[in-house]
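Top line first, the protein sequences correspond to chains A and B. Its first residue numbered 142, the first sequence is counted upward by one per residue in my numbering. Its first residue numbered 105, the second sequence is counted upward by one per residue in my numbering.
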Amino acid sequence: GAVVSQHPSRVICKSGTSVKIECRSLDFQATTMFWYRQFPKQSLMLMATSNEGSKATYEQGVEKDKFLINHASLTLSTLTVTSAHPEDSSFYICSAREGKEAETQYFGPGTRLLVL
Amino acid sequence: QKEVEQNSGPLSVPEGAIASLNCTYSDRGSQSFFWYRQYSGKSPELIMFIYSNGDKEDGRFTAQLNKASQYVSLLIRDSQPSDSATYLCAVNPLSGANSKLTFGKGITLSVRP
């Protein structure tokens, strides 16, 4: 149980285009999902908290107009990187919080974005 | 600023040995504690969580929590080369809708065959 999927797993795009990443909780409902970014050999950086039916909460320094988050259902959150630039190239990972004991977060497999 | 500290590592142990990974946290009111394993190029996967003082065992893994000392550890018995990865300690300082994890920087474990 507690499986989280992400799509796509890898994307290469041209500078200036927008990229949408989907995060799904497959076997549980997640009122809260999280989006992280990880650069090579660095730790996870929380970008935003996505709450079903309400606006996402962004961490300090993360541009909400650059990284659009939509959490339209209890099993799906999307992150859209708008007008992507090479510096946005990174490993984007979502997690979904299960509402049981300890409120455990389960991570998706991640999306590797390369902006040319 | 809520902080989670892990030894910088890397940690190297021979196959079959016990690997001991340590983590301290600054927020005394923290509710729950997690250990994740991350292989190179992959996303983190949950090993186990603990929220009560004492030990919690799951197979070769034992998590130990001491809230008075603000310390949580992970022991890996009979270490295998496949255990070689980065281990992330994460702390949940709150419960409820506003909770989110604070991660340590991780420690890289290498198990020598």
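Yeah, the Cβ is synthetic: ideal placement off N, Cα and C, and Gly gets one too. The structure displayed is predicted, hence computed values, not measured ones.
Across the set B:Tyr140, B:Lys209, B:Ser173, the C-alpha of B:Ser173 shows the shortest separation from the C-alpha of Asp131 (chain B). In the three-state DSSP reduction, Asp229 (chain A) falls in the helix class (H, G or I).
Between the region 216-228 of chain A and the region 153-160 of chain A, the count of C-beta pairs closer than 8 Å reaches three or more; the two stretches touch. Closer than 9 Å at the C-beta level to chain A, one finds no residue of the region 105-132 of chain B. Within the region 109-180 of chain B, the beta strand (DSSP E) runs of at least 3 residues that lie entirely inside it are, in chain order, 115-118, 123-129, 136-142, 149-154, 158-162, 165-170, 175-180. If you ignore the 5 residues before and after Pro118 (chain B), its C-beta comes within less than 7 Å of the C-beta of Arg216, all in its own chain and listed in chain order. Between the beta-carbon of Asn211 (chain A) and that of Thr219 (chain A) there is about 5 Å, and that keeps the pair under the 8 Å contact cut.
When DSSP states are grouped into helix, strand and coil, Ser186 (chain B) belongs to the helix group. Separation of Ser236 (chain A) and Asp229 (chain A) (C-alpha to C-alpha, rounded to the nearest whole angstrom) is 19 Å.
Exclusion of the five residues before and after Thr128 (chain B) leaves Glu109, Gln174, Tyr175 as the residues of its chain whose Cβ lies within less than 6 Å of its Cβ.
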